[in-house]
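S.K.: First residue of the sequence shown? That's 1 in full-length UniProt numbering, and the numbers climb one at a time after it.
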Amino acid sequence: MDLPQVNPDELDEPFTEEEVWAALKQMPAEKAPGLDGFNALNRAAITLLPKRNAPTLVTDFRPISLIHSVAKLISKVLAIRLARQMDGLISVAQSAFIKKRCIQDNFLYVRNVLRNLNASKKPTLFLKLDIARAFDSVSWEYLLELMQNMGFGPQWRNWICLLFSTATSKVVLNGDQGECIAHRRGLRQGDPLSPYLFILAIDPLQRLLHLSTEGGQLTNIGSRHARLRTSLDADDAAVFLNPVQSEVDVLITMLRDFGKATGLHVNLGKSLVAPIRCQEVDLDDVLRSYSGARASFPLTYLGLPLTPGRLRKVHFQPLQDKIKGRFSGWKPSLLYMGGRRIMVNSVLSAIPTYTLTVLKPPKQSLQEIDKARRRFLWVARDTPQLTEGVQDSIVWQWTTNGEYGAKSAYQFQFNGMVLSPSTKLSWEAWAPAKCKIFSWLVLQNRVWTTDRLQIRGWPNNYFCQLCFRNLETIDHLLFECPVSKQIWFGILTWLHQGHIIPKWNTSRNLLDWWTQGTSDPEATKQKGLRALFLLIAWEIWKERNARIFRAKEATVHQMISRIQEELGWWSMAGAKHIGRMLP
């Protein structure tokens, strides 16, 4: 077999302080040194991670080695050296762990070949191969001999031998460590060097299939798009094969011999074959020597739905179920709005990212995903919570009297087509997430003030808790209330911005008032005013809640002092536009 050759000079160089520091800086910052000082420098603790929900068998877990920081640092230096040459050593069929290659390329290649074969009505077999205990079963003798034939120098191979021969592990079960286990084969998952050594070990499989095709034991796939009959992503292997019994026998024999030589045995019991345009082929006869499962399209490949036809909504149902399934373990009602927003952005929006980088789901599927995200963010529960004793009614919020009308329906239909000014006032201001969300609710009139509680028939205090004069509405609480006016006047005059205090009258709406108050020809000052308005409104709302729920009351002077102090903290935290306004 003609193997690619490595450049040994770079790999065999003595370690330098610079590359050790570079390797150390590339390691995750949250990892702690361990396991036990400088004792057992090459010892690892093996912890088991579940591969699937509700695991019941040992095979349902994936072992991950927690390696001593010194041994991990040495492996990291070697991994960085080897990574620079991997692109020239590994065939293009392999996409894992190599810079500028990605798993999406493999999926798209397999899908394009599959669709081309289906369109050309060329009978073909698609095989998904399962490598049994892939990382744990690699033969050291095979790997060292392979590296020697690829031109790796003696110094490099000695380092690898040293890491192999001195390695021991303890299994952590229920917090207790077992006896030391001396290694005889396999690569530790969690070692920075292991991924590169593994793809070196499995890459000859693709080259064997290529040699068999050139030698005539296997015939070419009848597709101009099928430059390669094999696709590899770490230990995920897929092979296209002609539906001929002799070729299936050749492949099975080759896989068996490859497993004996390398330790990488194919588990036919977990592998599967899917026929493409094989209606007129006697598959029972062709697959006589194949003991694995048979499947039909669509099937899952690299975590994505694979089918020769058009993807439909049903193919993306597992993705929707996965997103909705995350709700079951969460308690959204116990999270404040900012926390739910972080969960939506960090978790719910991240789940479909991998799928959306490759596939374009139907519009209905995207709408269902967005609906689930919105429900978690705004509703904070999966099912409506009804209040006993409140009569049901239909209210149309787009008219002042709550009655439906054709004109209001037309306005509702096109609502949102033009960007609302409240978007900039709330979301583009420098402020904590809780203040942004509160301001957005204020501008949408969705804050639970007394007037809205009365509409629902819920218990309420009726009067504004700051002045005890009028019905509490959001307009009155933040801007009409005499106490609120004193706070606005005190802060704006302290900042020498008294001239911008907007005048409130009943003919203007809240959005216009807010827009006028934060408008300024100077962009820098405008950004500072937006943040300032958010903070003052937020502090007034907090004071209102403190009086209702904790029976605590602050004077106007105390509230002004509190806002002044908070402005200083915001400035120190990065609100530079506010910092320029401070006296």
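Idealized CB from N, CA, C, for every residue including glycine.
Output needed for residue 216: all residues of its chain with C-beta closer than 7 Å, excluding positions within five of it in sequence on either side, in chain order.
M.R.: Cβ neighbours of residue 216 beyond the five flanking positions: none.
S.K.: So, helix, strand or coil for residue 291, using DSSP?
M.R.: In the structure shown, residue 291 sits in coil (DSSP, three-state: anything other than H, G, I, E or B).
S.K.: How many Å lie between residue 344 and residue 473 at the Cα?
M.R.: Each residue's Cα considered, the two are about 30 Å apart.
S.K.: Look at residue 462 and residue 450 and say whether their C-beta atoms are less than 8 Å apart.
M.R.: Cβ distance < 8 Å, so residue 462 and residue 450 count as in contact.
S.K.: In the DSSP assignment, what residue or residues form a beta bridge with residue 181?
M.R.: Residue 181 is bridged to 169.
S.K.: Just checking my contact of residue 131 with residue 237 at CB under 8 Å: how many whole Å lie between their CB atoms?
M.R.: Right, the Cβ-Cβ distance comes to about 7 Å (below 8 Å), so this counts as a contact.
S.K.: Please specify which runs of the beta strand (DSSP E), each continuous and at least 3 residues long, are wholly inside the region 271–317, giving them in chain order.
M.R.: The region 271–317 contains these whole beta strand (DSSP E) runs: 272–276, 299–301, 304–306.
S.K.: Between the C-alpha atoms of residue 242 and residue 159, what's the straight-line distance to the nearest angstrom?
M.R.: Their backbone Cα atoms lie some 43 Å apart in a straight line.
S.K.: Would you call the region 262–278 and the region 121–129 touching, i.e. three or more CB-CB distances under 8 Å?
M.R.: The answer is yes - the region 121–129 touches the region 262–278, with three or more Cβ pairs under 8 Å.
S.K.: With residue 54 as the anchor, note down where its alpha helix (DSSP H) starts and where it stops.
M.R.: Careful: residue 54 lies outside any alpha helix (DSSP H) and carries neither H nor E.
S.K.: Alpha carbon to alpha carbon, how far is residue 438 from residue 519? Give it in angstroms, no decimals.
M.R.: If I take the Cα positions, the gap works out to 20 Å.
S.K.: Check the C-beta distance from residue 407 over to residue 272 and give it rounded, since I have them as a contact under 8 Å.
M.R.: About 60 Å separates the two Cβ atoms, so there is no contact after all.
S.K.: Would DSSP call residue 561 helix, strand or coil?
M.R.: Three-state DSSP puts residue 561 in a helix.
S.K.: Kindly indicate which three-state DSSP category residue 191 falls into: helix, strand or coil?
M.R.: Coil at residue 191, not helix or strand.
S.K.: Mapping DSSP to helix, strand and coil, what is residue 332?
M.R.: Helix.
S.K.: My output table needs one value for residue 484: the three-state DSSP class, helix, strand or coil.
M.R.: Three-state result, residue 484: helix.
S.K.: May I ask you to verify whether the region 304–323 touches the region 112–119, counting CB pairs closer than 8 Å and requiring at least 3?
M.R.: Yes, they touch.
S.K.: I want to know whether the region 53–61 touches the region 182–197 - three or more CB-CB distances under 8 Å.
M.R.: Segments in contact, no.
S.K.: Quick one: complete alpha helix (DSSP H) runs, 4+ long, within the region 207–270?
M.R.: The region 207–270 contains these whole alpha helix (DSSP H) runs: 245–262.
S.K.: For residue 357, which three-state DSSP category applies?
M.R.: Here residue 357 sits in coil by DSSP.
S.K.: For the region 423–435 against the region 528–544, do three or more pairs of beta-carbon atoms, one drawn from each stretch, fall closer than 8 Å, so that the two count as touching?
M.R.: Verdict: yes, contact present.
S.K.: Out of 574, 97, 22, 545, which has the shortest C-alpha to C-alpha gap to residue 74?
M.R.: Among 574, 97, 22, 545, the Cα nearest to that of residue 74 belongs to 22.
S.K.: Considering just the uninterrupted stretch of the beta strand (DSSP E) at residue 436, what are its terminal residues?
M.R.: No beta strand (DSSP E) holds residue 436; the alpha helix (DSSP H) holding it covers 433–443.
S.K.: In the DSSP assignment, what are the bridge partners of residue 94?
M.R.: Paired residue(s): 232.
S.K.: Identify, in the order they occur along the chain, each residue of the same chain with its Cβ nearer than 8 Å to the Cβ of residue 103, setting aside the five sequence neighbours on each side.
M.R.: Closer than 8 Å at Cβ, skipping near neighbours: 95, 96, 233, 302.
S.K.: In the structure shown, what three-state DSSP assignment does residue 44 receive?
M.R.: If DSSP states are grouped into helix, strand and coil, residue 44 belongs with the strands.
S.K.: Are residue 494 and residue 564 closer than 8 Å when you measure CB to CB?
M.R.: Contact flag set, yes.
S.K.: Compute the Euclidean distance between the alpha carbons of residue 378 and residue 331, then round it to the nearest angstrom.
M.R.: Their Cα atoms are separated by approximately 13 Å.
S.K.: Spatial neighbours of residue 340 within its chain, please: C-beta separation below 7 Å, excluding the five flanking residues on both sides.
M.R.: Counting only Cβ-Cβ distances below 7 Å, and skipping sequence neighbours, we find 332, 376, 377, 380.
S.K.: I want to check one thing, is the minimum distance from the CB of residue 263 to the heavy atoms of the ligand SAH below 7 Å?
M.R.: This structure does not include the ligand SAH; it has no bound ligands of any sort.
S.K.: Exposed or buried, which one is residue 251 when buried takes at least 16 other CB atoms within 10 Å?
M.R.: Buried, by the Cβ-count rule.
S.K.: Report the residue from 87, 560, 169 whose alpha carbon sits nearest the alpha carbon of residue 44.
M.R.: Of the candidates 87, 560, 169, the one whose C-alpha sits nearest the C-alpha of residue 44 is 169.
S.K.: Looking at the secondary structure, which residues open and close the beta strand (DSSP E) in which residue 576 lies?
M.R.: Note, residue 576: premise wrong, no beta strand (DSSP E); alpha helix (DSSP H) at 576–579.
S.K.: Between residue 453 and residue 534, what straight-line distance do the alpha-carbon atoms span, to the nearest angstrom?
M.R.: Computed Cα separation, rounded: 23 Å.
S.K.: Can you tell which of 231, 445, 580 has its C-alpha closest to the C-alpha of residue 210?
M.R.: Nearest option by C-alpha distance: 231.
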